[in-house]
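**Q** The opening residue of the sequence shown carries number 1 in our numbering; numbering runs sequentially from there.
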Amino acid sequence: MFSALTKTLQSRPSGQQIQANILAGLTVGVIALPLSMALAIASGVPPQHGLYTALVAGIVIALSGGSKVNISGPTAAFVVILLPIVQQYGLGGLLVSGFMAGFILIFMGLGKLGKFIEIVPYPVTVGFTAGIGVVIATFQIKDFLGLQVAAVDGHYLAKLAALVQALPSVDWREALIGALTLAILLVWPKFRSKIPGHLIALLVGSLSAYLLSLGLSDFSVATIGSRFSYSLDGLSGSGIPPLLPQFEWPWNLPGADGTPIGLSFELIRQLLPAALTIAILGSLESLLCAVVADGMSGKKHNPNDELIGQGIGNIVAPLLGGIPATAAIARTAANVKSGGSMPLASVVHGLFILLSILLLAPILSYIPMASMAALLLMVAWNMSEAKHFVRTLKVAPKDDVIVLLLCFSLTVLFDMTIAVAVGMGMAAMLFIKRSVSLTQAAAIEDNHEGYQLPDKVMLYDINGPLFFGSAQKALKTITSVRPEVRVIILDMAEVTLIDMSAIVAMESIAKDLQQRKIGLVINGLLPRMILKLRRAGIRKHSGSVAFSRNLADSFVMANKML
Numbered sequence: 001m002f003s004a005l006t007k008t009l010q011s012r013p014s015g016q017q018i019q020a021n022i023l024a025g026l027t028v029g030v031i032a033l034p035l036s037m038a039l040a041i042a043s044g045v046p047p048q049h050g051l052y053t054a055l056v057a058g059i060v061i062a063l064s065g066g067s068k069v070n071i072s073g074p075t076a077a078f079v080v081i082l083l084p085i086v087q088q089y090g091l092g093g094l095l096v097s098g099f100m101a102g103f104i105l106i107f108m109g110l111g112k113l114g115k116f117i118e119i120v121p122y123p124v125t126v127g128f129t130a131g132i133g134v135v136i137a138t139f140q141i142k143d144f145l146g147l148q149v150a151a152v153d154g155h156y157l158a159k160l161a162a163l164v165q166a167l168p169s170v171d172w173r174e175a176l177i178g179a180l181t182l183a184i185l186l187v188w189p190k191f192r193s194k195i196p197g198h199l200i201a202l203l204v205g206s207l208s209a210y211l212l213s214l215g216l217s218d219f220s221v222a223t224i225g226s227r228f229s230y231s232l233d234g235l236s237g238s239g240i241p242p243l244l245p246q247f248e249w250p251w252n253l254p255g256a257d258g259t260p261i262g263l264s265f266e267l268i269r270q271l272l273p274a275a276l277t278i279a280i281l282g283s284l285e286s287l288l289c290a291v292v293a294d295g296m297s298g299k300k301h302n303p304n305d306e307l308i309g310q311g312i313g314n315i316v317a318p319l320l321g322g323i324p325a326t327a328a329i330a331r332t333a334a335n336v337k338s339g340g341s342m343p344l345a346s347v348v349h350g351l352f353i354l355l356s357i358l359l360l361a362p363i364l365s366y367i368p369m370a371s372m373a374a375l376l377l378m379v380a381w382n383m384s385e386a387k388h389f390v391r392t393l394k395v396a397p398k399d400d401v402i403v404l405l406l407c408f409s410l411t412v413l414f415d416m417t418i419a420v421a422v423g424m425g426m427a428a429m430l431f432i433k434r435s436v437s438l439t440q441a442a443a444i445e446d447n448h449e450g451y452q453l454p455d456k457v458m459l460y461d462i463n464g465p466l467f468f469g470s471a472q473k474a475l476k477t478i479t480s481v482r483p484e485v486r487v488i489i490l491d492m493a494e495v496t497l498i499d500m501s502a503i504v505a506m507e508s509i510a511k512d513l514q515q516r517k518i519g520l521v522i523n524g525l526l527p528r529m530i531l532k533l534r535r536a537g538i539r540k541h542s543g544s545v546a547f548s549r550n551l552a553d554s555f556v557m558a559n560k561m562l
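1) How is the alpha helix (DSSP H) around Q270 delimited, first residue to last?
2) Counting Cβ pairs closer than 8 Å, one from the region 518-531 and one from the region 491-505, do we hit at least three?
3) Pop quiz: T138 and L110 are said to be a contact at Cβ under 8 Å. What is the actual Cβ separation, rounded to whole angstroms?
4) Taking DSSP as the reference, what is the three-state secondary structure of S238?
5) Where does V521 fall in DSSP's three states?
6) Can you check whether the CB of V348 is closer than 7 Å to the CB of I59?
7) Since F547 is in the alpha helix (DSSP H), which residue starts that stretch and which ends it?
8) Can you tell me the Cα-Cα spacing of L533 and V521, whole angstroms?
9) Run the CB neighbour count on H301, radius 10 Å, all protein chains shown included, and call it buried at 16 or more, exposed below.
10) Does the Cβ of M561 have 16 or more other Cβ atoms within 10 Å, making it buried, or fewer, making it exposed?
11) My understanding is that M108 touches A275, with C-beta atoms under 8 Å, so please give their C-beta distance in whole angstroms.
12) Can you round the beta-carbon distance between I498 and L459 to whole angstroms, since I take them to be within the 8 Å contact cut?
13) Helix or strand or just coil, what does DSSP make of L72?
14) Can you tell me where the beta strand (DSSP E) with L459 in it begins and where it stops?
15) Cα separation between A158 and T129?
16) If you reduce the DSSP assignment to three classes, tell me which class Q140 lands in.
17) Contact defined as beta carbons within less than 8 Å: I believe I462 pairs with L453. What is the distance between those atoms, to the nearest angstrom?
18) What is the rounded straight-line gap between the Cα of V422 and the Cα of Q16?
19) Can you check whether the CB of A328 is closer than 7 Å to the CB of N335?
20) If you draw a straight line from the alpha carbon of E174 to that of K142, how long is it in whole angstroms?
21) Whose C-beta lies closer than 6 Å to the C-beta of G102 among residues of the same chain, with five residues either side of it excluded?
22) Would you give the residue range spanned by the alpha helix (DSSP H) that E507 belongs to?
23) What do you get for Q48, buried or exposed, if any count of 16 or more other CB atoms within 10 angstroms of its CB means buried?
24) Quick one: what does DSSP say Y122 is sitting in, helix, strand or coil?
25) Using only the alpha-carbon positions, how far apart do F408 and V545 sit?
26) By DSSP, does Q88 sit in helix, in strand, or in coil?
27) Alpha helix (DSSP H) containing L490: first to last residue?
28) Please determine, among L26, I41, V28, the residue with the shortest C-alpha to C-alpha distance to A373.
29) Helix, strand or coil for I444, going by three-state DSSP, please let me know.
30) For A38, count the other beta carbons within 10 Å of its own beta carbon; 16 or more makes it buried, fewer makes it exposed. Which is it?
31) Name the residue from G262, E285, V86 whose alpha carbon lies nearest to the alpha carbon of G114.
32) Compute the Euclidean distance between the alpha carbons of L393 and A77, then round it to the nearest angstrom.
33) Based on the DSSP secondary-structure assignment, which residues constitute the bridge partners of A421?
34) Between the Cα of I455 and those of R486, L438, L430, A536, spot the shortest distance and give me the residue it belongs to.
35) Can you give the Cα-Cα distance for L167 and L404, rounded to whole angstroms?
36) In this structure, what does DSSP give as the bridge partners for T588?
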């Protein structure tokens, strides 16, 4: 815990490094400001909660995590998980879920699960991220075109059908501002400017909407100020409150019915699946981001400390109105490219957002919802990784393609909890299938590695791991031997693994051969595996069972048994 901060303090950064990290933090802050609001809106909560998340979680995770350069905050990956929680349990339920996820992340870090999280198969990751991109993009159509849809609820196909039916209600004013914002987002990268494209796009979109409303009496579009309002400590207004985040226990916040959601065992039980999903996705995103950042910066993160830091950040953030957070690849990449090399950059990024809340809240209220939708459409496209998706379809083995399409379809049509669970299950089954194919057992009829088989001796060459998926397949042929055979040699020098299923199978074979008065010589098995067999009762017994180090010894022992 706090490994990144400790290493930074021990390294005694120079004044030039400090300056570079301050500038990097300001750059990332400019990027994170509109994104945090947009992702909060997409998750079904007011935009200030996205800002609180970037402010609180961004600073806390940077100071307590295992990566020097990760920038944490609200991310697009969480949108498809958080929106259903908000619809069913309200803001209070969402923050309680994030609070619970924080403890789960800490337990994962303390349990040293950081390395295991990194082995999630590539098709699973690409499948659910592409599915998330599709879902996010679909949800933005309403604000991008100004569609008159009463509510976009239900499963994905129902939501899509509602949007299609509402297409005749397109508002040309919303569509114009949305299209203008999207066009700038697409064109701006070609200028290779250091100014973030989405900042220019939102600025142009907001100014265009404001100027057109002055010039045309009937021109008006929905903005953050017109869509959201607040009432805090006797202060009320539209848009984002220009106040510091307020401490509040998450369970005192309103549920879906508008009353405090409260805290009970039943609520915890209902929210536990959502909290687990948030924790798993948060760990995947943060560790994947840390790996990418290591490659860009040349640094090395501590995966378990990073999980603990993510957990602490997700415990603290809900207490100050923040939604679930994790490391964001786009913001982290911008941080590294801008010269960020230590947690100071993330702290500066958080302080920039804090000042923006206090000083720029009235200005931020003028941002059109259509422009925010255009920004999220761009985020969804980048997240979908369409090139990687298509390439995987073209070059991956058929089994991996099936896993990819299954994860993608389940994410879109149902939810990501089911997609990740089924995808990981399918990937595990395919891994077992491939591992089973690596295990081979063959009877040697005449000679083996230059050794001539003695009469009445049969030798089996066994290769690969012996586990629950392969033990029966590899060992079942040993039970059927010719009547004249009196000794069986198992050449297990290339066996890499023995689990309990294999031990039981070996025990059964030893007993069967002993009853038929057939000797058994086990050759080349590693000492740790021999110890496992001895614990199970398969011990060296004169005339019945023997262990050898090489084939020469095996044949000597076989002749003695004969």
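The beta-carbon is built from N, C-alpha and C at its ideal position, and this holds for glycine as well.
**A** According to the structure data:
1) That run of the alpha helix (DSSP H) goes 265-297.
2) yes
3) With 8 Å as the limit, T138 and L110 do not qualify as a contact, their Cβ atoms being about 38 Å apart.
4) For S238, the secondary structure class from DSSP, reduced to helix, strand or coil, is strand.
5) strand
6) no
7) Note, F547: premise wrong, no alpha helix (DSSP H); beta strand (DSSP E) at 545-548.
8) 13 Å
9) buried
10) buried
11) In fact, because the Cβ distance is near 12 Å, the residues do not count as touching under 8 Å.
12) The C-beta distance from I498 to L459 rounds to 19 Å, too long to meet the 8 Å contact threshold.
13) It should be pointed out that residue 72 corresponds to Ser in this sequence rather than to Leu. S72 falls in the strand class under three-state DSSP.
14) It spans 457-463 - the beta strand (DSSP E) in which L459 sits, taken as one unbroken run.
15) 21 Å
16) helix
17) Their Cβ separation, rounded to whole angstroms, is 16 Å, which puts I462 and L453 out of contact at 8 Å.
18) 49 Å
19) Contact flag unset, no.
20) Answer to the nearest angstrom: the Cα atoms are 10 Å apart.
21) G311, N314, I315
22) 500-515
23) buried
24) helix
25) The alpha-carbon of F408 is positioned some 53 Å away from that of V545.
26) helix
27) From DSSP, L490 is part of no alpha helix (DSSP H) but of the beta strand (DSSP E) over 487-494.
28) I41
29) strand
30) buried
31) E285
32) 22 Å
33) Paired residue(s): none; A421 is not in a bridge.
34) A quick correction: the sequence has Asp, not Ile, at residue 455. Checked all of R486, L438, L430, A536; the closest Cα to D455 is R486.
35) Cα to Cα, L167 sits roughly 31 Å from L404.
36) For the chain, the structure presents residues 1 to 562; residue 588 sits outside this window and is missing.
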